[in-house]
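**Student:** This is the structure I want to talk about, given as structure tokens.
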Amino acid sequence: MQKLWESAHKTVHSLHEQHSVERGKIFVTVTVQYGLLLDPVKFLLGTGSSVSILSESLFLLHSASVRLEPTSKQVRTYCGNPLRVLGCFPVEIVYKEKRKIANLFVCTSETSLLGMDVIDSLKIGIQGSQLDAPIATRPDLPDVIVKLENNCSKK
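Under the working numbering, think of the first position of the sequence shown as 205, with each following residue one higher.
Below you can see the structure in the form of structure tokens.
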């Protein structure tokens, strides 16, 4: 386990990322470090999603140190079908010196989405079916850092 910073109140966890395109969809693959070293997690850039979602299966594989907060938020698929929300946890995401605090919602979805709540704030550019610029700029220095916070119900 690699912790970048820890105090009595907060722990900082790091993500390393890359991007890929599959059938017109843009994915960002991140390796999440918290509790246990995790395998890479692929997030679809969800330009139609107002929130960011982590799939239930990925959460269950890597949930050792994450406590989900209850939420009354209702999440629906692109087609309007409801997804069961298991809970959420707030994270701070840092991308190229830009920061965004957002809730990551754990849902019964098979796909993890990085929603517009994060994409807009971090100015992740998309042109057609590609990123404007590669997300990872230096392999030795992560561009994205996730910091778990308390009190998911703020939003």
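The C-beta atom is built at its ideal place from N, Cα and C for all residues, glycine as well.
Between LEU308 and the rest of its own chain, which residues show a CB-CB distance below 8 Å, the 5 nearest in sequence each way excluded?
**Tutor:** In the sequence shown, the residue the question calls residue 308 occupies position 104. Taking C-beta separations shorter than 8 Å and ignoring five residues to either side along the sequence, the partners of LEU308 in its chain run SER256, ILE257, LEU258, CYS292, PHE293, PRO294 and VAL295, following chain order.
**Student:** Report the three-state DSSP secondary structure of SER261 (helix, strand or coil).
**Tutor:** As a working note, residue 261 is residue 57 in the sequence shown. The DSSP-derived three-state label of SER261 is helix.
**Student:** Output the distance between the C-alpha atoms of ASN285 and SER261, rounded to the nearest integer angstrom.
**Tutor:** Start at 1 with the first residue of the sequence shown, and residue 285 comes out as number 81. Start at 1 with the first residue of the sequence shown, and residue 261 comes out as number 57. Their backbone Cα atoms lie some 19 Å apart in a straight line.
**Student:** Based on the DSSP output, what are the partners of ARG288 in its beta bridges?
**Tutor:** As a position in the sequence shown, residue 288 is number 84, starting the count at 1. None, per the DSSP bridge assignment.
**Student:** What residue does the beta strand (DSSP E) around SER276 start on, and which one ends it?
**Tutor:** Counting from 1 along the sequence shown, the entry for residue 276 is found at position 72. Counting along the chain, SER276 falls outside any beta strand (DSSP E), and DSSP gives it neither H nor E.
**Student:** To the nearest angstrom, how far is the alpha carbon of LEU242 from that of SER276?
**Tutor:** As a working mapping, residue 242 is identified with position 38 in the sequence shown. As a working mapping, residue 276 is identified with position 72 in the sequence shown. Its pLDDT being 46, under 50, LEU242 is placed unreliably in this model, and the value from its coordinates should be taken loosely. For LEU242 and SER276, the distance between alpha carbons rounds to 28 Å.
**Student:** Closest to LYS304 by C-alpha separation, out of LYS229, VAL279 and ASP324, would be which residue?
**Tutor:** As a working mapping, residue 304 is identified with position 100 in the sequence shown. Looking at the Cα atoms, ASP324 is the closest of the given residues.
**Student:** Taking 8 Å as the cut-off, decide whether the C-beta atoms of CYS311 and VAL279 are in contact.
**Tutor:** The residue you call residue 311 lines up with position 107 of the sequence shown. The residue you call residue 279 lines up with position 75 of the sequence shown. A contact, by the Cβ cut-off of 8 Å.
**Student:** Who are the near neighbours of GLY252 in its chain, counting only those whose CB is closer than 7 Å to its CB and skipping five residues on each side?
**Tutor:** The sequence position of residue 252 within the sequence shown is 48, counting from 1. Closer than 7 Å at the Cβ level, and outside the excluded window around GLY252, lie TYR282.
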